[in-house]
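Residue numbers (the working numbering): 10 to 1044.
Where is the CB? At the ideal position from N, CA and C, for every residue including glycine.
First comes the structure, then the notes that go with it.
The structure is reproduced here in structure tokens:
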């Protein structure tokens, strides 16, 4: 049947060519239609609930907001774990959904409804914000807007800066490619009405009276229409929308009395909302516009459109101003870089493949084999469009992984067809029979490669959702390659380009034949010394095992090149945020000296802590974006070393830490330990003792406890007897206190661009000491003024500025870095502490839970997945081979290539000085398991079909050597074409990609070593197998 199918296509050149051209055209249109993204469209299994309660202490926010939200969410079916972070005035609760839940959307919807039903304090104005993180909602580029020469903005310079930022935002929002623009560092416009308490006492007016009069005086109300022909509308307009109107607003007075205006009682000025964090960009306080694209547009097109707007805005709107725009975090870079890798490295690889093909095959065969490459790419693009995929970093990685394999099956077909043609068959017969002969081995080799990637579907964790997109692209690539090799190529092989007779042996063919004859002689010699060959290979296996166990270690993300470096540091405790910003300037000046050379730009966030904990005003964190590896002369490690030396001369800065970004880790630290214990004293004591123990470990540096700062708090208790006696409303006390300290938003009105909020509070000098607050008067029902101090009792305590909880338990984290070149991995350190350190602490603190998180947790999850993946891949490959060869023994012989392919990886990594391999190297090894057996399948299938048991036993080795030589060209050529296609990516000849480098290196060197196994060990093992069969026959 398969011969009939092959013959059907080989005789119908028009049909085959139409399919070929149709796929090429379809691929071109698919490329134009496929969106280009940074990442696949993924919805992560976490729901974030953010709530703001301005002015409330951390413990009050926990009690009134965090705990009710946690309780509402944690019992929902499908919620696996609940985390929370509470700070002064804010809380964030994160619900993690069970990864295996069948209806995650229903869980998300139930979480939203549960949060809306929570009974929160009445003075929380904004509803909780529920957000599900999706990659499609990620910002594609950040545009920094700064005022040159202004290190810290005053009111006037901020007003000018924000005006330009809004104009730019409007221009960006006019782009069809842009969906939304969010802002960082932008402050809402406010008018501040700052009451002078002494004036209240002087005029015998209460705080609440002023508040109510201003609210009542701000009126804008449509009244209706005049009932005549034109029906003109009537609107009552009395908005207090300027400083002047507010100043002239009368608070008290009549026909006889003195008119008291707001200006008599308060200072009124334009200002901005209070902020906890100071954002600086390239050394200047500024604003970031975070641009998100529309889903209908690719990331490259969207970023290109944004860049055009920015260029025009610089040249026109900003011409002659001191406003500057800085582009950072261009998320299209990796997509462009990977496309460039495919284009340039692919072109290099394609040329090398052509050279290899023409070296081993005649021009006609080499050309038709090479045509399978564009066919496969176009087939994959069309298939990707049909299944709803995008061109992104993950799918491009999948294409690069199998880029060198797409001609392997075509090479086998072409080589076999040519061999049969040279033996005297007609070109039509040779095309059909030659293809049919290798049909099953080729199908089996494609299937074994595919099943090696099947386990990626079952990876868990954050990276599991990413790698799930690799197998379908691999299947499309190999499926397209298989179809072209079996049904399109045979017809092309019958086209002779004017050649009428069977191909004669050319000069190129002669050297191939000489090589084949030489190989036959070598194999005959090796078969005479099988025991020695087995000993050599076993010794190699043992050597590789020793190197792997003693000199190589797995770490999730090896310490390699990066595009971002982080700096964190702190100033002395008690330093306020703007003073911290000033003291951080020398650090910024060091980095500024590299800007435009190795550094693209940098941001500095003052009073921004790690891990979602509270902002601490004496701390700052800098994110520095550096040029790609190939565009700078200095490595990331060299830059870090230089900066550390320069930072030593800066005074006032403590605990400065410089590190490369760790993929996906919020803490930026490879060691992340979580302590869960509700008793604060025991938890802090445990954290202190654990940190001291970590400092004693020579492999650890920068040990840090993420503990909250305990700030003074005043807890006021109402004197209810006195309040009742004096006829004072307790609600008036609460409103007065809140307005005096935090300020109360009275109303908002429409400004030129944005809403403007009117905030009532007291002058700063009246709230810098608790005793001054107590002098603020409260009015009773008899309109007498009573000082606040007569109505409350005060207790001074200390409260935390942040509370972190997990599953209703309070938590503290302890972080540290690993000493560079210490030879220790995070997993080794974790295992040591869990075995030798944690048990002692658990005995001393039995109610505490101590766990490793971050990279250690990810590594362990991935480690389990890897073990399952290896077992699954090996089993599936074995089943396919057993069905192909109808044998339980022969698949074992073929699969010897897998462990020895791993030997090749180990030896290659050792020779390259790579002592730590990572997640992506494992992915490469997993893919290698499917690829490395392909040549062995071709060799074994030929041996199995051609070996004649009827011949004399003494001729066994000669038979095997003679058969094996016929596969030399196919085996070597498939290996060479695969390796040369991926080597440019492995070594970054035209651009370096840290994710792909180790993966490609593992596949290239593993395949090379596996080929040696195919050419040497497989014939020896097959000879041994046949020898056993002869002995059984003899019995």
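> I think residue 868 touches residue 365, with their Cβ atoms under 8 Å apart; what is that distance to the nearest whole Å?
Replying inline: Contact between residue 868 and residue 365 fails: their C-beta atoms lie close to 39 Å from each other, not under 8 Å.
> Does the separation of the CB atoms of residue 47 and residue 340 fall below 8 Å?
Replying inline: With respect to residue 340, residue 47 sits close: the two C-beta atoms are nearer than 8 Å.
> Skipping 5 residues on each side, what residues in its chain have a beta carbon closer than 8 Å to that of residue 269?
Replying inline: Short of 8 Å from the beta carbon of residue 269, and not among the five residues preceding or following it, lie these beta carbons of its own chain, in chain order: 212, 214, 259, 260, 261, 262.
> So, is residue 499 buried or exposed, given that buried needs 16 or more other C-beta atoms within 10 angstroms?
Replying inline: With 16 or more other Cβ atoms within 10 Å, it is buried.
> residue 393: buried (16+ other C-beta within 10 angstroms of its C-beta) or exposed?
Replying inline: Buried.
> Which residue or residues does DSSP assign as beta-bridge partners of residue 1031?
Replying inline: Bridge partners of residue 1031: none, in fact.
> How is residue 281 classed by DSSP in three states: helix, strand or coil?
Replying inline: The answer is strand: DSSP assigns residue 281 an E or B state.
>> Can you tell me whether residue 610 is helix, strand or coil according to DSSP?
In response: Look at residue 610 here: in three-state DSSP terms it is strand.
>> Under 7 Å: does the beta carbon of residue 310 sit that close to some heavy atom of the ligand HEM?
In response: Of ligands this structure carries none, so the ligand HEM is not represented either.
> Near residue 736, what residues of its chain come up, given a Cβ to Cβ distance below 8 Å and the 5 sequence neighbours on each side ignored?
Replying inline: These residues qualify, in order along the chain: 789, 790, 791.
>> I need the DSSP call for residue 1036, collapsed to helix, strand or coil.
In response: Residue 1036 falls in the helix class under three-state DSSP.
>> Helix, strand or coil for residue 723? Go by DSSP, reduced to three states.
In response: Strand, per DSSP.
> Taking contact to mean at least 3 C-beta pairs separated by less than 8 Å, is the stretch 540 to 553 in contact with the stretch 842 to 851?
Replying inline: By the Cβ criterion, the stretch 540 to 553 is not in contact with the stretch 842 to 851, since fewer than three pairs of Cβ atoms, one from each stretch, lie closer than 8 Å.
> When the Cβ atoms of the stretch 199 to 212 are set against those of the stretch 297 to 314, are three or more pairs found closer than 8 Å?
Replying inline: Flag = no, the stretch 199 to 212 and the stretch 297 to 314 do not touch.
> Whose C-beta lies closer than 6 Å to the C-beta of residue 16 among residues of the same chain, with five residues either side of it excluded?
Replying inline: If we look at residue 16 and ignore the five residues flanking it on each side, its Cβ neighbours are 441.
> Are there 16 or more other CB atoms within 10 angstroms of the CB of residue 520, so buried, or fewer, so exposed?
Replying inline: Residue 520 should be labelled exposed.
> Excluding sequence positions up to five away, which residues of its chain have a Cβ less than 7 Å from the Cβ of residue 918?
Replying inline: Result list for residue 918: 561, 926, in chain order.
> How many angstroms separate the CA atom of residue 576 from the CA atom of residue 455?
Replying inline: For residue 576 and residue 455, the distance between alpha carbons rounds to 48 Å.
>> Alpha carbons only, please: which of 923, 760, 774, 981 is nearest the one belonging to residue 249?
In response: Residue 760 is the option with its Cα nearest to residue 249.
> Are the beta-carbon atoms belonging to residue 102 and residue 133 less than 8 Å from one another?
Replying inline: Cβ atoms of residue 102 and residue 133: not closer than 8 Å.
>> Nearest by alpha-carbon distance to residue 171: which of 280, 633, 710, 584 is it?
In response: When the alpha-carbon of residue 171 is set against those of 280, 633, 710, 584, the nearest one is in 280.
> Using 8 Å as the Cβ pair cut-off and three pairs as the minimum, do the stretch 937 to 950 and the stretch 885 to 892 touch?
Replying inline: At 8 Å Cβ cutoff, the stretches touch.
>> For residue 870 and residue 779, what's the separation of their Cα atoms in angstroms?
In response: Whole-angstrom Cα-Cα distance: 52 Å.
>> Counting beta carbon pairs with one atom in the stretch 1013 to 1029 and one in the stretch 525 to 541, are three or more of them shorter than 8 Å?
In response: The stretch 525 to 541, when compared against the stretch 1013 to 1029, does touch it at the 8 Å Cβ threshold.
>> In whole angstroms, give me the CA-to-CA distance for residue 585 and residue 464.
In response: For residue 585 and residue 464, the distance between alpha carbons rounds to 53 Å.
> If you run the structure through DSSP and keep just helix, strand and coil, what is residue 44?
Replying inline: Shown here, residue 44 sits in coil according to DSSP, grouped into three states, outside any helix or strand.
>> If you follow the beta strand (DSSP E) that residue 575 is in, where does it begin and where does it stop?
In response: Residues 573 to 579.
>> When you compare the stretch 53 to 68 with the stretch 402 to 417, are there three or more beta-carbon pairs, one atom per stretch, that lie closer than 8 Å?
In response: They do not touch, by the three-pair rule.
> Closest to residue 816 by CA distance: which of 72, 76, 12, 29 is it?
Replying inline: Here the closest residue by C-alpha is 76.
>> Output needed for residue 231: all residues of its chain with C-beta closer than 6 Å, excluding positions within five of it in sequence on either side, in chain order.
In response: A distance below 6 Å between beta-carbons, with the five flanking residues on each side excluded, links residue 231 to the following residues of its chain, in chain order: 244.
>> Tell me which residue opens and which closes the alpha helix (DSSP H) that residue 864 is part of.
In response: From DSSP, the alpha helix (DSSP H) with residue 864 extends over 864 to 894.
>> Relative to the C-alpha of residue 877, which candidate in 853, 931, 921 has its C-alpha closest?
In response: Nearest option by C-alpha distance: 931.
> DSSP puts residue 55 in a beta bridge; with which residues?
Replying inline: Residue 55 pairs with 105.
> If you drop the 5 nearest sequence neighbours on each side, which residues of the same chain put their C-beta closer than 8 Å to that of residue 674?
Replying inline: Any reading at residue 674 must be qualified, since the residue scores a pLDDT of 49, below 50, and its modelled position is unreliable; the value itself is stated next. Spatial neighbours of residue 674 in its own chain (CB-CB distance under 8 Å, excluding positions within 5 residues in sequence) are listed in chain order as 681, 863, 864.
>> With distance defined between alpha-carbon atoms, name the residue in 977, 1037, 468 nearest to residue 1021.
In response: The shortest Cα separation from residue 1021 among 977, 1037, 468 belongs to 977.
> Can you name, in chain order, every residue of its own chain whose Cβ lies under 7 Å from the Cβ of residue 415, other than the five neighbours on each side?
Replying inline: Within the same chain, residue 415 has close Cβ partners 381, 382, 385, 486, 490.
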